[in-house]
Structure formats: C-alpha cells, structure tokens
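Here it is, written out as structure tokens:
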C-alpha cells in the first residue's frame with residue numbers, strides 16, 4: 003500500500019491534487035474513463051473544501067487487494083471558517099450538499115463531523131482485477 007499526503011489551503015493545491023491523483027490513477031491501472039472520474043471528483047472535492055475551510059489535509063492510499071485495486075482518499079478539515087457558527091455540523095451539511103458529484107463519480111463516499119475532531123470526508127474508487 004502506497005500512501006501520500008497533500009495540504010489543501012490555496013487554489014494552487016487544487017491543481018497539485020489533480021495532478022497527483024491523475025498520476026496515481028494511471029499507476030494503479032485505472033481505465034481512462036475511471037481516471038477522468040477520479041480527477042473530476044477530486045477537483046470538486048478540493049475546490050469545495052478550500053472554499054469553505056481555512057485548511058485541510060488530504061491523505062491518499064493506493065490499495066492493491068485480492069480482487070480489486072483502487073484508491074481511498076480521506077480529507078480532514080483542520081479548521082472551519084468563523085462565518086459558519088455551528089461548526090462543524092453546519093459545515094458538514096454545506097459540504098455534503100455541494101459534493102453530490104463526488105458521490106456519483108466515486109464508489110464510496112462518507113462525511114462525518116465531530117465537535118472535537120472536525121470534519122472528515124472519505125471517498126474511494128475501485129477497479130476490479
């Protein structure tokens with residue numbers, strides 16, 4: 003299993019995340035269509051997170067399991083902005099509503115909010131062997 007981490011704070015980080023995800027999807031053998039889906043989903047995810055949060059960390063795990071290969075992507079929001087008073091539950095609702103394409107393009111999607119731990123968004127894409 004290969005793992006790498008990216009920091010999400012600026013618009014330049016969106017481009018960096020797209021490039022890293024595209025490269026990783028090619029390395030693990032995703033079809034051109036699945037590569038496009040993953041890159042599109044990550045573009046939406048990173049853009050939305052940067053727009054609504056002061057900072058986040060994205061961890062990408064490349065997995066090679068018995069019957070499938072794929073990637074698991076976990077975004078942890080480090081700090082939410084002051085203009086959302088009921089954080090993190092209100093921010094979770096906003097993000098969940100805006101990330102509908104991520105849900106459609108990826109195989110797995112979950113978002114959780116914890117007052118002490120913040121918000122975590124997890125998504126994944128799999129290719130059968």
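Residue numbers (our numbering): 3 to 131. Note that beta-carbon positions come from the ideal geometry of N, C-alpha and C, so glycine has one too. Every value quoted in this text rests on a predicted model; they were computed, and no experiment measured them.
Residue i, DSSP secondary structure in three states
| i | result |
| --- | --- |
| residue 12 | coil |
| residue 112 | strand |
| residue 79 | strand |
CB contact flag (residue i, residue j, <7 Å)
| i | j | result |
| --- | --- | --- |
| residue 16 | residue 49 | yes |
| residue 44 | residue 71 | no |
| residue 122 | residue 110 | no |
Cross-strand partners of residue i (DSSP beta bridge)
| i | result |
| --- | --- |
| residue 74 | 63 and 126 |
| residue 6 | 62 |
| residue 120 | 116 |
Beta-carbon contacts of residue i that lie in its chain and below 6 Å, excluding the five residues immediately before and after
| i | result |
| --- | --- |
| residue 124 | 76 and 112 |
Cutoff 7 Å; reference residue i; Cβ partners in own chain excluding five residues on either side
| i | result |
| --- | --- |
| residue 61 | 5, 7 and 76 |
| residue 1 | Since the first and last residues shown for the chain are 3 and 131, residue 1 lies out of range. |
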